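Worksheet: the structure to be examined is printed underneath.
Numbering (full-length UniProt numbering), first residue to last: 1 to 190.
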């Protein structure tokens with residue numbers, strides 16, 4: 001059941017585990033994970049359906065993930081996954097956890113760095129600025145914004161600018177998952 005902000009403010013200080021989002025991870029043997037078969041999995045799924053309807057369940061093999069982590073490069077790991085016919089569960093796990101926790105991402109870019117920042121969905125631009133540094137939230141002026149999907153479509157930042165896809169947004173702008181932000185903030189008071 002999704003919580004509104006007021007409920008979250010009241011419930012969070014109580015540290016109630018039952019009020020927290022749950023993602024069920026079922027650790028399988030590497031053999032069962034690769035075969036995509038386990039005799040206990042249907043019973044576990046049925047229990048979750050009866051007792052925690054709607055909560056996601058993700059089969060994973062920690063042994064398999066550990067073995068994949070030993071490869072020197074990501075390419076070698078992907079080659080092994082293709083060879084055995086089983087993908088790593090970690091990307092699916094990360095996506096599901098972020099969804100369950102109602103998290104999104106925005107990016108900042110510089111000449112030598114691109115950085116991903118995590119925030120709660122529904123956060124306004126000053127709150128996103130505060131994720132980077134609390135002074136930026138206090139002195140927020142505006143943000144120049146475009147979404148990664150636009151960048152991907154047009155190819156590079158100069159094209160995004162040339163096509164007029166960079167938007168100037170103020171304090172009420174709700175940051176969207178995948179936004180790329182250039183934060184404009186005033187000088188912090190000493």
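Every residue, glycine too, gets a C-beta built ideally from N, C-alpha and C.
In this text, all values refer to a predicted model and were calculated from it rather than measured experimentally.
Sequence-distant partners of residue 87 (beyond 5 residues in either direction) whose C-beta falls short of 6 Å from its own C-beta, in its chain, are 81. Cβ neighbours of residue 153 within its own chain (closer than 7 Å, five residues either side excluded): none. Counting C-beta pairs closer than 8 Å gives fewer than three between the segment 115-130 and the segment 42-50, which falls short of the contact rule.
Distance between residue 23 and residue 96, taken at the CA atoms: about 8 Å. Within a 10 Å sphere around the beta-carbon of residue 186 sit fewer than 16 other beta-carbons, which makes this residue exposed. Residue 13 and residue 83 have their C-alpha atoms spaced approximately 48 Å apart. Within the same chain, 28, 30, 33 come within 6 Å of residue 61 by CB-CB distance, once the 5 residues on both sides are set aside. Below 8 Å, too few C-beta pairs join the segment 129-137 and the segment 155-166 to call them touching: fewer than three.
Residue 171 sits in coil when the DSSP states are folded into three classes, being neither helix nor strand.
Rounded to the nearest whole angstrom, the CA to CA distance from residue 40 to residue 101 is 27 Å.
In this structure, DSSP gives residue 14 a helical state, which the three-state scheme calls helix. In its chain, beyond the 5 residues on either side, 106, 131 have a beta carbon closer than 6 Å to the beta carbon of residue 117. Contact between residue 145 and residue 169 holds, since their C-beta atoms are separated by about 5 Å, short of 8 Å.
Contact annotation: residue 119 and residue 175 have beta-carbon atoms nearer than 8 Å.
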